[in-house]
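By the numbering used here, the letter at position 95 of the sequence shown is numbered 116, and the numbering carries on one by one without gaps.
Glycine residues also receive a C-beta, built at the ideal position from the N, C-alpha and C atoms.
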Amino acid sequence: MAMPSRKERIRELKQRAGELSAGKVESWTADDMPDEQALQFWSRVVAFEEGPFTTNFQQLTELGIDLPEPSSVTDDTLSATLWAVIHGLAQLRVCLEDTDHLSDRELYEWLWTDLLREEVPAAADEGAVGHAGPLMGGSEEATAIYLRYYADDTFRQNWLRDFPDTPLPPQQEPPHDRDRLLPRPGPDSR
């Protein structure tokens, strides 16, 4: 029996992704994407959908990082606890962004109750980097916070043009200065 061609394998992977998501796969790929890249992409989609799954909480625990309940973290240990989690996430190739509007305690609580509890594929996708932040949910509140603290003038002008009936919050400096210190992937990562 002959091995399927790349195009046939891509078609099979797309079909499998559709089955795994009850037909709700939405994706876009460039028309000129090389077959090898398309094959890698769809292989990752299927692997992600099939599992197995874990959580970043479990992965950090396996790395030996202590994850105490937020209410038990004292003000004296909060910074060290938070940065241990941030650097642990970086080891897992998860980079945080847009966190300067939160205090250290608010960020740790969000990490502990939300981000670290989300299911993620147990098998690491070598070379892939995940980006996570408290504003990535796309809610109206998250959008307003982004517009207030993070959006540059061009983004804000485009927002006004595209959504003229939506109030634009005043631009402010975030109350904290953490994002510039967050670990980043790549050769010059901190």
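- Counting along the chain, H152 sits inside the beta strand (DSSP E) bounded by residues 151 to 153.
- T95 sits in coil when the DSSP states are folded into three classes, being neither helix nor strand.
- The three-state secondary structure of T75, taken from DSSP, is strand.
- Around R199, the same chain offers T120, D121 as residues with beta carbons nearer than 7 Å, after the five sequence neighbours per side are excluded.
- Under DSSP, no beta-bridge partner is assigned to E70.
- By the beta-carbon neighbour count (other beta carbons within 10 angstroms, threshold 16), L103 is buried.
- Counting only residues of its own chain and dropping the five nearest sequence neighbours on each side, S100 has a CB closer than 7 Å to the CB of D125.
- In the three-state reduction of the DSSP assignment, L168 falls in the helix class.
- Under DSSP, V106 shares a beta bridge with no residue.
- Distance between P190 and P155, taken at the CA atoms: about 18 Å.
- Straight-line spacing of the CA atoms in E127 and L84 works out to 23 Å.
- If you ignore the 5 residues before and after R37, its C-beta comes within less than 6 Å of the C-beta of V67, all in its own chain and listed in chain order.
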